[in-house]
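Right, one structure below, let's go through it.
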Amino acid sequence: MDRPARVLVPLDGSPLADEALEHALVVFPQATVTVLNVITPIDAGMSEGGLLEPDDDRRVHARERAEALVERTARRTSKFDASVEVAIEDGDPATVILEFVDEADVDHVVMGGHGRSDLAARFLGSVATSVVTRSPVPVTVVRWGCR
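When we follow our numbering, the leftmost residue of the sequence shown carries the number 2, and every step to the right adds one.
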């Protein structure tokens with residue numbers, strides 16, 4: 002298998018996502034690594050009790066948090082001799098990740114997996130499960146201590 006030229010690392014601010022990024026930088030040192038943060042739109046159905054309505058202040062705050070996250074990540078990766086790009090997109094995380102793979106000519110995805118309720122999602126996480134099952138490129142799911 003050829004080494005990937007473009008690796009995508011979705012970042013959600015969790016320590017496991019940070020570990021996935023470090024894994025990508027160590028395992029694929031010659032690749033261009035794109036760090037992607039997906040801003041999930043808040044709607045009434047997603048809030049606790051359905052009480053929150055979407056508003057511009059929340060959107061602006063979410064965008065500022067995403068920008069701070071990817072910039073902090075870009076600074077932290079400077080210790081690696083790697084090409085790191087950052088991207089911020091809005092939407093459903095799994096859908097956005099898969100669209101980004103197609104649009105940005107990504108060769109490999111490296112992401113953290115969080116445990117959830119059903120069997121597959123318990124081992125990988127719901128977003129990771131969706132990406133693994135639908136991705137047209139290889140996906141590496143990093144769990145604690147797997148690096």
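C-beta atoms are modelled at their ideal positions from N, C-alpha and C, and glycine is treated no differently.
- With respect to the 8 Å criterion, Val39 and Val87 are not classified as neighbours on the basis of their beta carbons.
- Your pair Val143 and Val111 checks out as a contact, with CB atoms roughly 6 Å apart and the cut at 8 Å.
- Going by DSSP, Val107 is part of no beta strand (DSSP E) at all; its letter is neither H nor E.
- Residue burial annotation: Ala32 is buried, with at least 16 other C-beta atoms found within 10 angstroms of its C-beta.
- When DSSP states are grouped into helix, strand and coil, Ser127 belongs to the helix group.
- Taking all protein chains shown into account, Pro16 has fewer than 16 neighbouring C-beta atoms within 10 Å of its C-beta and is therefore exposed.
- Bounds of the beta strand (DSSP E) holding Asp91 are 84–91.
- As DSSP reads the structure, Ile98 sits in no beta bridge.
- Restricted to the segment 12–49, the beta strand (DSSP E) segments that are unbroken, complete and at least 3 residues in length are 33–40, listed in chain order.
- One thing to note: Ala25 has its Cβ no nearer than 8 Å to the Cβ of Gly113.
- Measuring C-alpha to C-alpha distances from His109 to each of Ile89, Val132, Thr41 identifies Val132 as the nearest.
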